[in-house]
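Participant: The structure is given below, and queries will be raised subsequently.
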Amino acid sequence: MSSVRKNKIITIQSRVVNGYVGNNTSELAIQLHGLDPIAFPTVLYANHSGFQPIYGSAITKDMFEQLVKGIEVVNITDQAKYMISGYIGSADVMDSIKDFVERTKNKDKSKVYICDPVMGDRGRGLFVPEAIANKICECLVPISDIITPNQYELGFIVNKEIETIDDIKQSISKHSVLKDKSVVVTGCLLKDTPEGMIDTILVTDGAVERNRSPRVDIEMVGSGDLFTSTMTSQIARGETLSAAVSFASQTVYKAIVFATQRGKSEMNAECLLHALGLKKID
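Start counting at 1 in the sequence shown, then tack on 289, and there's your number in the working numbering.
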């Protein structure tokens, strides 16, 4: 098993025909790190859910399991050490995702599962049905190694409003599931966060690290997906979790700034190329 080159990342997220969210963003970020995505869709939509009405549908449990079977029979999962899950549009498929992640980890104990519990955000509340949010907490958070909630999502998971660093630290240390995880809390506007700044908080084994970036006053869809996929790709390339979190935070900031300077309301390939420093764009 150890002789197999692990140059792939399993990513289980949304797929849209138009735009950069979910796997549309994550695949590109992974590829720009010289890695290959094994991309499972959880939904197939025309656009992201900010556009209403939604055209398309969630991937069925049967379809997801067929895709998993097709990948497992060619043993391609052996080439991936890291697994990501993001937006999930149906509670039915959650059990299949859980089974797949557990089966993959049981086959190779070195595999690492990163759960991005996409369910809501500050000012919006939940943007998935509460049944899905609760099932993420019940099924996926417990089997994760690293979890990347935003400030609102952490509050939902621990059933407490998060306002301070101490809230974050105490909520995690006292939580029966989270206390044994590495938790990366994104998009934090805490009581002591300076005006015009935004924090990303990493908590591992009780130790707290704070990464601070300038705040761009725009909520850009897909930024969380970019963060998690960039962080995971950095770890896969040999960086520490701390360094990966810092790099991912700066990448998201650069992408959002570039997009706003170009008058864009959403990220695109140019933004990612610029943010990752791979191409100078005039």
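Glycine residues also receive a C-beta, built at the ideal position from the N, C-alpha and C atoms.
Please read all numbers here as calculations on a predicted model, not as lab measurements.
1) Quick test of your reading: Thr540 and Leu515, contact by CB under 8 Å. State the CB separation rounded to the nearest angstrom.
2) Can you give me the C-alpha to C-alpha distance between Lys297 and Glu498, rounded to a whole angstrom?
3) Is the beta carbon of Asn557 closer than 7 Å to that of Tyr376?
4) For the region 364-443, list the alpha helix (DSSP H) runs that are entirely contained and at least 4 residues long, ordered along the chain.
5) If Lys463 sits next to Ala369, beta carbons under 8 Å apart, how far is it from one beta carbon to the other, in whole angstroms?
6) Among Val382, Gly323, Val362, which has the Cα closest to the Cα of Ser346?
7) Alpha carbon to alpha carbon, how far is Gly513 from Asp384? Give it in angstroms, no decimals.
8) Extract the residue ranges of the beta strand (DSSP E) inside the region 478-530, only unbroken runs of 3 or more that lie entirely within it.
9) What whole-angstrom Cβ distance do Asp410 and Asn439 have, given they're in contact under 8 Å?
10) May I have the straight-line CA-CA distance separating Cys404 from Glu361, to the nearest angstrom?
11) Which one of Met372, Ile454, Leu478 has the shortest CA to CA distance from Met520?
12) Count the other CB atoms within 10 Å of the CB of Leu565; is the residue buried (16 or more) or exposed (fewer)?
13) Closest by CA to Ile457, which one among Ser465, Lys350, Val472?
14) How would you call Leu429, buried or exposed, if buried means at least 16 neighbouring beta carbons within 10 angstroms?
15) In chain order, what residues of the same chain lie with their CB nearer than 6 Å to the CB of Gln320, ignoring the 5 residues before and after it?
Facilitator: Reading it off the structure:
1) On the sequence shown, residue 540 is found 251 positions in, with the first residue counted as 1. On the sequence shown, residue 515 is found 226 positions in, with the first residue counted as 1. Yes, they are in contact, since the Cβ atoms of Thr540 and Leu515 sit about 7 Å apart, within 8 Å.
2) Looking up residue 297 in the sequence shown gives position 8. Looking up residue 498 in the sequence shown gives position 209. The alpha-carbon atoms of Lys297 and Glu498 are separated by roughly 28 Å.
3) Along the sequence shown, read from residue 1 onward, the residue named residue 376 stands at position 87. Along the sequence shown, read from residue 1 onward, the residue named residue 557 stands at position 268. If you check the CB distance, Tyr376 and Asn557 do not come in under 7 Å.
4) Listed in chain order, the complete alpha helix (DSSP H) runs (minimum 4 residues) inside the region 364-443 are 383-396, 419-424.
5) Position 174 of the sequence shown, counted from the start, is the residue given in the question as residue 463. Position 80 of the sequence shown, counted from the start, is the residue given in the question as residue 369. Incorrect: roughly 33 Å between the Cβ atoms, too far for contact.
6) Taking the sequence shown and counting its residues from 1, one reaches residue 346 at position 57. The candidate whose alpha carbon is nearest that of Ser346 is Val382.
7) The residue you call residue 384 lines up with position 95 of the sequence shown. The residue you call residue 513 lines up with position 224 of the sequence shown. Looking at the two C-alpha atoms, the distance is approximately 23 Å.
8) 486-493, 496-503
9) By one-based count along the sequence shown, residue 410 stands at place 121. By one-based count along the sequence shown, residue 439 stands at place 150. 6 Å between Cβ atoms; contact.
10) Walking along the sequence shown from the start, residue 404 turns up at place 115. Walking along the sequence shown from the start, residue 361 turns up at place 72. Cα to Cα, Cys404 sits roughly 21 Å from Glu361.
11) As a first step, residue 520 is located in the sequence shown; it is residue number 231 there, counting from the start. Selected option, being the one with the closest Cα: Met372.
12) For this step, residue 565 is matched to residue 276 along the sequence shown. So Leu565 counts as buried.
13) Here residue 457 refers to the residue found at position 168 when the sequence shown is read from its first residue. Looking at the Cα atoms, Val472 is the closest of the given residues.
14) Locating residue 429 in the sequence shown gives position 140, counting from the first residue. When all chains shown are included, Leu429 counts as buried.
15) By one-based count along the sequence shown, residue 320 stands at place 31. Excluding sequence neighbours, Gln320 sits near nothing in its chain.
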